[in-house]
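Per this note's numbering, the sequence shown starts with residue 24, numbered consecutively. Beta carbons are placed, not taken as given, at the ideal position from N, Cα and C, and that holds for glycine. The structure displayed is predicted, hence computed values, not measured ones.
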Amino acid sequence: TFIDNVKKFSQPSEKKLLIQNGTQTCLLTPLKVEGQVAGLSLLYNVQVEEAARVAEIAEVFGDHLSQALEKDRLLDSVMKRDKEMETLRLIGSALSSSTFDTDRMLAYTMDMIRAVVNVQAGCLLLLEGDELAFAAAFHLDMDRLKPLRLKRGEGIASYVADRGVAVLANDAQRHPHFSPTVDIKIGFQTRSILSVPIISQGKVIGVIEILNKTDGDFNSEDEQLLLSIAASVSIALENARLYSETASMAEKERGIRNVFQKFVPREVVDRILLGNVGDRPVLEEFKTLTLLNIDIRGFSPFAKKIGPQKTLSLLNYFFSIMGEIVFKHHGIVDKYLGDGFLALFGAPVSSASDADNAV
Numbered sequence: 024t025f026i027d028n029v030k031k032f033s034q035p036s037e038k039k040l041l042i043q044n045g046t047q048t049c050l051l052t053p054l055k056v057e058g059q060v061a062g063l064s065l066l067y068n069v070q071v072e073e074a075a076r077v078a079e080i081a082e083v084f085g086d087h088l089s090q091a092l093e094k095d096r097l098l099d100s101v102m103k104r105d106k107e108m109e110t111l112r113l114i115g116s117a118l119s120s121s122t123f124d125t126d127r128m129l130a131y132t133m134d135m136i137r138a139v140v141n142v143q144a145g146c147l148l149l150l151e152g153d154e155l156a157f158a159a160a161f162h163l164d165m166d167r168l169k170p171l172r173l174k175r176g177e178g179i180a181s182y183v184a185d186r187g188v189a190v191l192a193n194d195a196q197r198h199p200h201f202s203p204t205v206d207i208k209i210g211f212q213t214r215s216i217l218s219v220p221i222i223s224q225g226k227v228i229g230v231i232e233i234l235n236k237t238d239g240d241f242n243s244e245d246e247q248l249l250l251s252i253a254a255s256v257s258i259a260l261e262n263a264r265l266y267s268e269t270a271s272m273a274e275k276e277r278g279i280r281n282v283f284q285k286f287v288p289r290e291v292v293d294r295i296l297l298g299n300v301g302d303r304p305v306l307e308e309f310k311t312l313t314l315l316n317i318d319i320r321g322f323s324p325f326a327k328k329i330g331p332q333k334t335l336s337l338l339n340y341f342f343s344i345m346g347e348i349v350f351k352h353h354g355i356v357d358k359y360l361g362d363g364f365l366a367l368f369g370a371p372v373s374s375a376s377d378a379d380n381a382v
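The following block contains the structure:
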């Protein structure tokens with residue numbers, strides 16, 4: 024479009040764009056990408072008699088410039104996507120080989136999010152009962168966030184946790200579920216927000232939020248990236264939970280073994296800890312047992328002679344020696360009977376040698 028007199032434009036925006044010092048005429052050429060106008064080329068003070076020829080040149084130049092700009096945009100997009108994929112790979116690799124230190128793992132995740140998404144701040148919340156608690160954050164004061172709890176229905180994060188769906192709001196203040204409570208308490212202003220759920224085994228266990236994108240609006244690509252990160256976090260948290268449960272069970276087993284192996288053989292402890300054989304519970308089994316009753320001959324007059332203190336030492340020594348012999352032959356000390364004890368052979372693990380073992 025050729026404008027032979029730019030002074031006829033009166034709008035402030037038109038004046039700012041078209042009227043320069045000494046400008047009389049202007050040639051406007053659209054920059055198109057796939058048929059859509061992506062920009063505008065302006066040539067000032069083009070002579071009227073040269074306008075047609077210059078317009079042809081400007082149109083060819085505009086086509087080349089549009090292609091160059093589009094290639095540059097696509098290159099930026101590919102490089103950004105590569106960076107996002109590398110971040111996902113790093114997060115996945117780090118979380119899969121994590122030391123199961125939940126705080127450290129969450130802090131690392133937030134560092135990776137900060138590196139790949141241009142936002143002012145971000146946080147990660149975990150469900151504790153019916154409330155959301157702040158577990159990690161960047162560019163926010165965790166000392167002020169830690170004591171805060173979000174109840175069900177309070178804010179966008181709670182809505183995401185309740186529904187299990189992502190929320191993208193580029194005008195957060197107008198979102199129907201936005202709550203300014205946290206902003207007020209920590210001195211922050213949320214303008215835009217992207218919030219996604221952390222889901223494990225079909226249940227929401229937390230929420231990741233990023234706030235105030237600095238290079239435009241949040242879009243579907245940001246949402247997919249954050250959902251992918253949330254999926255990796257979910258796996259890592261589940262691994263940490265299973266590791267904690269396994270470690271707790273192992274500690275309990277060690278405690279049980281330390282107690283029971285003083286009184287019963289290892290096979291019996293294994294049977295107690297590892298459960299039933301086949302489909303029959305231990306308590307419903309019928310077995311043929313061999314009983315061994317041992318006592319010290321002439322113990323009563325002997326005890327009177329040596330006194331109570333030496334008698335106690337003698338019994339402790341006798342029971343420890345005899346108990347080890349019984350255990351060695353796959354028996355169980357059933358009960359202590361003053362100066363003797365009753366031993367069982369054939370339960371819960373029986374064999375054809377139970378009677379021989381007792382003898």
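Requested in this report: Taking Phe-84 as the reference, give the member of Thr-52, Ile-348 and Glu-73 with the closest Cα.
Outcome: Thr-52
Requested in this report: Jot down the residue ranges of each uninterrupted beta strand (DSSP E) in the region 54 to 105, minimum 3 residues, whole runs only, in chain order.
Outcome: 59 to 67
Query raised in the report: Closer than 7 Å, CB to CB, is Asp-245 near chain C or not?
Result: Among the protein chains of the structure shown there is no chain C, as only one such chain exists.
Query raised in the report: Given that a residue counts as buried once 16 or more other Cβ atoms are within 10 Å of its Cβ, and exposed if not, what is Ala-184?
Result: buried
Report task. Over the uninterrupted alpha helix (DSSP H) stretch that includes Gly-145, give me the two end residues. Result -> No alpha helix (DSSP H) holds Gly-145; the beta strand (DSSP E) holding it covers 142 to 151.
Query raised in the report: If Leu-260 sits next to Ser-223, beta carbons under 8 Å apart, how far is it from one beta carbon to the other, in whole angstroms?
Result: 6 Å
Report task. Using 10 angstroms around the beta-carbon of Ser-376, count the other beta-carbons present and answer buried if the total reaches 16, otherwise exposed. Result -> exposed
Query raised in the report: Should Leu-66 and Leu-88 be called a contact, given that it needs their Cβ atoms to be closer than 7 Å?
Result: no
Query raised in the report: How about Phe-157 and Arg-137: do their beta carbons lie closer than 7 Å?
Result: no
Query raised in the report: Can you tell me whether DSSP reads Leu-360 as helix, strand or coil?
Result: strand
Query - Residues near Asp-134 by beta carbon distance below 8 Å, same chain, minus five either side - result: Once the five neighbours on either side are set aside, the close Cβ partners of Asp-134 are Phe-161.
Requested in this report: Could you tell me which residues DSSP puts in a beta bridge with Pro-220?
Outcome: Val-230
Report task. Could you pull the start and end residues of the beta strand (DSSP E) that Phe-309 belongs to? Result -> It is not in any beta strand (DSSP E) - Phe-309 carries neither H nor E in the DSSP assignment.
Query raised in the report: Looking at the unbroken alpha helix (DSSP H) that takes in Arg-186, where does it start and where does it end?
Result: 178 to 186
Query raised in the report: The alpha helix (DSSP H) spanning Arg-197 covers which residue range?
Result: Segment: none, Arg-197 is in no alpha helix (DSSP H) and carries neither H nor E.
Query raised in the report: Smallest Cα separation from Ile-216: which of Ala-189, Gly-225, Gln-332 and Lys-208?
Result: Residue Ala-189 is the option with its Cα nearest to Ile-216.
Requested in this report: Going by CA-CA distance only, name the one from Leu-314, Lys-30, Leu-147 and Leu-92 that's closest to Val-60.
Outcome: Of the listed residues, the one whose Cα sits closest to Val-60 is Leu-92.
Query raised in the report: So, are the CB atoms of Gly-229 and Leu-148 less than 7 Å apart?
Result: Taking the C-beta atoms as reference points, Leu-148 is found nearer than 7 Å to Gly-229.
Query - beta strand (DSSP E) segment containing Leu-129, residue limits - result: For Leu-129, there is no enclosing beta strand (DSSP E); the enclosing alpha helix (DSSP H) has its first and last residue at 125 to 139.
Query raised in the report: Is it true that the CB of Asp-164 sits closer than 7 Å to the CB of Ile-231?
Result: no
Query raised in the report: Quick one: any contact between the region 335 to 351 and the region 360 to 369, if contact means 3 or more CB pairs under 8 Å?
Result: yes
Query - Enclosing beta strand (DSSP E) for Leu-155 [first to last residue] - result: Secondary structure note for Leu-155: its beta strand (DSSP E) is the uninterrupted segment 154 to 161.
Query - N-terminal and C-terminal residue of the alpha helix (DSSP H) that Lys-351 is part of - result: 331 to 351
Query raised in the report: With a CB to CB cut of under 7 Å and the five nearest residues on each side skipped, what residues in its chain are close to Thr-237?
Result: Asn-141, Val-142 and Gln-143
Query raised in the report: Over what stretch of residues does the alpha helix (DSSP H) that includes Val-382 continue unbroken?
Result: No alpha helix (DSSP H) contains Val-382, which DSSP labels as neither H nor E.
Query raised in the report: Any idea which residues DSSP pairs Val-366 with across the strands?
Result: Position check: residue 366 holds Ala in this sequence, whereas Val was assumed. Ala-366 is bridged to Leu-315 and Val-356.
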